[in-house]
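When you number the sequence shown by the working numbering, it's gap-free, plus one each residue, and the end is 252. Every residue, glycine too, gets a C-beta built ideally from N, C-alpha and C. Reading through the structure tokens given below for one structure.
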Amino acid sequence: MNIILLGPPGAGKGTQAKFLSSVFGLVKLSTGDMLREAMGEGSELGKKVQKIVDSGDLVSDDVMIEMILERISRPDCSVGFILDGFPRTLNQAEALDRVIKKKNIELSHVIELAVKTNILINRIKNRVSETPNDQRRNDDDEQTLTHRLKVYEDQTAPILPHYEKLGLLRTVDGMLSEVEVSNQISEILVPER
Ligand code: ADP
60 MNIILLGPPG
70 AGKGTQAKFL
80 SSVFGLVKLS
90 TGDMLREAMG
100 EGSELGKKVQ
110 KIVDSGDLVS
120 DDVMIEMILE
130 RISRPDCSVG
140 FILDGFPRTL
150 NQAEALDRVI
160 KKKNIELSHV
170 IELAVKTNIL
180 INRIKNRVSE
190 TPNDQRRNDD
200 DEQTLTHRLK
210 VYEDQTAPIL
220 PHYEKLGLLR
230 TVDGMLSEVE
240 VSNQISEILV
250 PER
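Following this line, the structure appears as structure tokens:
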């Protein structure tokens, strides 16, 4: 089973990706985590992307496509993977289409976590006020979040129709409780008969 989780910042993709990896044994591939790891290590890549990530803009398609294609090709992914944070542009989605076709991988579902903008803004505000300064992500302030939401609307939301056309898109109400969202996703992956 190979799954893509889509949704705006703060929609709960990371939480659900963790759930799916523990319950279904899928490998969780989070591009945000990969980038934060690179920045934490201060690697060449990390230095190159830091300013962009902190500002809430998107890292270039070339860099992201190379990063995820390398990761997806490793043997551990053969049990199935969850993509969290990729693809984020139509260009990335098309690159992914090409590679999975070439490698004979099948996408099982693209799951969109839908959450209204005002709720996202409240969630991030709470996260900001609850997290001590030194543990806070540089891109987790209100102003940057507003920018990230716009980037999502402009660059990422346009890939939803792409997966809809392929018959892969399923939308889950991300405003339900964490457990209910997990249940709904499980129901999509393993429908009860
Ligand atoms: P979010 O909280 O929006 O889900 P992530 O942790 O997934 O954030 O990503 C944080 C940042 O990393 C993004 O705002 C962006 O700068 C960069 N990033 C992550 N994935 C991608 C991608 N596929 N393409 C371009 N930039 C990305």
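- Assigned with DSSP and collapsed to three states, S89 falls in strand.
- A distance criterion of 7 angstroms places the beta-carbon of L94 in contact range of the ligand ADP, judged by its closest non-hydrogen atom.
- Annotation note: the segment 68-122 contains the following uninterrupted alpha helix (DSSP H) runs of length 4 or greater, listed N- to C-terminal: 72-83, 90-100, 103-114.
- Remark: three or more beta-carbon pairs, one from each stretch, lie closer than 8 angstroms, so the segment 168-188 and the segment 202-213 are flagged as touching.
- Sixteen is the threshold: when 16 or more other Cβ atoms of the shown chains lie within 10 Å of the Cβ of P146, as they do, the residue is buried.
- Residue range 168-173 is occupied by the beta strand (DSSP E) that includes E171.
- CA-CA distance, M60 to Q194, rounds to 34 angstroms.
- Note: L228 is bridge-paired with V169 in the DSSP secondary-structure output.
- Burial of P67 is indicated by the presence of at least 16 other C-beta atoms within 10 angstroms of its C-beta.
- Of the other Cβ atoms in all chains shown, fewer than 16 fall within 10 Å of the Cβ of T176; this residue is therefore exposed.
- For K107, the CB stays at least 7 angstroms from every heavy atom of the ligand ADP.
- Judged by the Cβ position, V112 qualifies as a neighbour of the ligand ADP at the 7 angstroms threshold, a heavy atom of the ligand being closer than this.
- Going by beta carbons, I62 and I170 fall inside the 8 angstroms limit.
- For L64, the enclosing beta strand (DSSP E) covers residues 62-65.
- In the three-state reduction of the DSSP assignment, D193 falls in the helix class, which pools H, G and I.
- Linking K72 to G105 through their CA atoms gives a straight-line distance of about 23 angstroms.
- Between the beta-carbon of V86 and that of D135 there is about 6 angstroms, and that keeps the pair under the 8 angstroms contact cut.
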